[in-house]
Every structure is written in structure tokens, then in C-alpha cells.
Ligand SMILES: Cc1cc2nc3c(=O)[nH]c(=O)nc-3n(C[C@H](O)[C@H](O)[C@H](O)COP(=O)(O)O)c2cc1C
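Numbering (full-length UniProt numbering), first residue to last: 1 to 207.
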């Protein structure tokens, strides 16, 4: 991937949901995590922590914990008997096939300000990771599946009660044959406004 500028990487990066079975080296992951940690943060300590799901045995356990959590959360309630087994198998097979997953967490704070700062910093860390990975032909899917809010799941994968999961990052090499998805954005004028116009619009709405 030829990337000449930060701006180009920001615009071209896409979420990659297609998996390849190419192994991801821990050297690459360590390097990407080191780069990610140059994200801005506003606390005494860097707020990010990462649990790595890489070894085959860890992956088996991780997938079991996801499936148990989905059962606990009644995720399958809307499936009829005929489709239930297929849906469960599809989910399990997907998570088993992901070459490497990172569980990225931030501390949970009661203070709204401190919580925002922790979530904001760890989100910046994740985006750094996605961009740096993209530059090395490594694809990432940032996932916020329901299990991340399940305290029993968190505990089962080693996340303490004082921390929140900001994302599960599914990581897989981008191979040449993969079709890179396209993604469009609204034009700037659709989500920007001058302060005075916004205030006028709000007061009109209140009339
Ligand atoms: C906070 C956050 C949570 C996300 N959770 C999921 C998820 O659970 N499953 C998924 O497939 N993609 C998830 N994504 C990826 C988005 O769907 C994706 O970024 C979006 O469609 C835009 O595509 P792009 O990343 O290729 O620009 C998440 C992204 C963010 C920022």
C-alpha cells in the first residue's frame, strides 16, 4: 500500500471484514501498539490496556466466552428453531477464524469528564492502530458487539470491573485478492453550521 500522506491514509482506510488465514506476527502487533500509544490522553496514566487473543487455546476459550455471553444475553431469541443452529455456527465459525483479536479497554470513571477523556483517548488509540495497520496491509474491524457490556463476559476474559471495553479489534492480513469496500461520507456543509445559524434554527424549533 503506497501511502504518501497521513491524509491519504485517513481517507483510504476501510474496515476490513474479510478474513485471510495468513498469520499476523506479534512483532507487527507490538510495533502497531507502540505507534498507537502516541495517541493524546488526559490522565495521569495512559488509559489504554490491551488483552491479546492470539494463541489457538486462547482463541478457543475466547470464542466459548462469546457464545456463552450471547446465550446469556438472549441474542438468539428471534431465531426460529430451524435457523438457530446455523446462526450459532456461523457466529462461532467467524470468531474462530479471526487470526488475532485485541480487547481494548479504558478505565471507567464516575466523573463524566474523566470518563469522556478515557473513552476519547482510547478511541484515538484505536484509530491510530487502524491507520498504522492499514499502512502495513493489515485489516481491522472495530467491534462493539453486545457481549462487551456483559460483566460476566468481561470477567471471563480478564477485564476488571473498573474497566470498560471500548472495542474488540478483529485483525487479519489484507491480501491482494480482497475487494476493498468503498465508503462514502456526507459533504462538510451537511454537518457544519455557523453558530448564529444554529442558534436561530434552535429558537425557531422551540417556537
Ligand atoms: C465505535 C465503533 C464501533 C463499531 N462496531 C462495529 C461492529 O460491532 N461491527 C462491525 O461490523 N463494525 C463496527 N464498526 C465499524 C463501522 O461499521 C465502520 O467503521 C463504518 O461502517 C465505516 O466504514 P469504514 O471504517 O470502512 O470507514 C464500528 C466502528 C466504530 C467507530
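Here a beta-carbon is modelled for each residue, glycine too, at the ideal position from N, C-alpha and C.
The beta strand (DSSP E) spanning residue i covers which residue range?
i: residue 105; result: 100–107
i: residue 18; result: Premise fails: residue 18 is in no beta strand (DSSP E) and is neither H nor E.
Where does residue i fall in DSSP's three states?
i: residue 73; result: coil
i: residue 199; result: helix
i: residue 170; result: strand
i: residue 194; result: coil
Given a cut-off of 8 Å on the beta-carbon distance, is the pair residue i and residue j in contact?
i: residue 14; j: residue 180; result: yes
i: residue 40; j: residue 132; result: no
i: residue 53; j: residue 100; result: yes
i: residue 134; j: residue 56; result: no
i: residue 138; j: residue 6; result: no
i: residue 163; j: residue 108; result: yes
i: residue 141; j: residue 170; result: yes
i: residue 97; j: residue 106; result: no
Using the Cα positions of residue i and residue j, report the straight-line distance between them to the nearest angstrom.
i: residue 254; j: residue 77; result: In this structure the chain extends from 1 to 207, so residue 254 is not present and cannot be described.
i: residue 28; j: residue 123; result: 20 Å
i: residue 205; j: residue 198; result: 11 Å
i: residue 104; j: residue 167; result: 5 Å
i: residue 194; j: residue 159; result: 43 Å
i: residue 35; j: residue 20; result: 24 Å
i: residue 47; j: residue 192; result: 31 Å
i: residue 157; j: residue 72; result: 15 Å
Identify every run of the alpha helix (DSSP H) within the UniProt domain "Nitroreductase" (10–168), keeping only runs that are complete inside it and at least 4 residues long; order them along the chain. 26–36, 56–72, 81–97, 112–135, 151–156
List in chain order the residues whose CB is within less than 5 Å of at least one heavy atom of ligand 3. With respect to ligand 3, the structure shown offers nothing to examine, as its ligands consist of ligand 1.
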